[in-house]
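Per the working numbering, residue 4 is the first one in the sequence shown, and the count goes up by one each step.
Cβ coordinates follow ideal geometry from the N, Cα and C atoms, glycine included.
First comes the structure, then the notes that go with it.
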Amino acid sequence: MNSNKKLTIAGWILSGLLALMLIGASASGKLTSWEGKSEMFAKMGWSEDVMFWIGIVEVTVTVLFLIPRTSFIGAILLAAYLGGATATHVRMEEPFFIPIIVGIVVWVALGLRNPAVFRLAFAPQSVSNTADPVERSKA
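Right, dumping it as structure tokens:
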């Protein structure tokens, strides 16, 4: 098995673990009933109804991330979602690094699945590639 195939498999494993965590641990708490849920969400400043819809959004963007054709937009939407989670933790004066780390892992997993993501993020850009298209056409 070549190294590219191994990296792709690692990316899919990481993506699956992220999905299990986001849907199984995080979203399920927003979508199910349990004792103390109302109090916890009220402390965050969210109603149970709002948290339900946030859970739906979390599941939706995670599924988009898992589908190869929509994975890039799914990763962008997950980053936005996790930014909201970070802001909530900061506002509550709680540790806020977990959603940031999860967001980084989302992009690493996607980059392992699709190396074009890493090339897009880290490849040096030539002047001709970054110039205004109108200016390039004049050259």
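Ignore the nearest five residues each way along the sequence and tell me which others in residue i's own chain have a CB closer than 7 Å to its CB.
i    : result
I76  : L67
A144 : Residue numbering for the chain in the displayed model covers 4 to 142; residue 144 lies beyond these limits and cannot be assessed.
A83  : none
Could you pull out every residue in the same chain whose Cβ sits closer than 8 Å to the Cβ of residue i, ignoring the five residues on either side in sequence?
i   : result
L34 : F55, G58, I59, V62
L21 : T65, F68, V105, V108, V109, A112
A13 : L115
N7  : P118
Assuming residue i and residue j are in contact, meaning their beta carbons sit under 8 Å apart, how far apart are those beta carbons, in whole angstroms?
i   : j   : result
I26 : T65 : 6 Å
M95 : M43 : Contact doesn't hold; Cβ gap of about 11 Å is too wide.
Under 6 Å Cβ to Cβ from residue i, same chain only, skipping five residues before and after it: list those, please.
i    : result
G114 : V120, F121
G92  : Checking the displayed sequence, the identity of residue 92 turns out to be His instead of Gly. Correct list, in chain order: F99.
L80  : V64
Quiz prompt | Entirely enclosed alpha helix (DSSP H) segments - the segment 42 to 82, minimum 4 residues | solution = 51 to 69
Quiz item: Between the segment 99 to 107 and the segment 115 to 124, are three or more C-beta pairs nearer than 8 Å?
Solution: no
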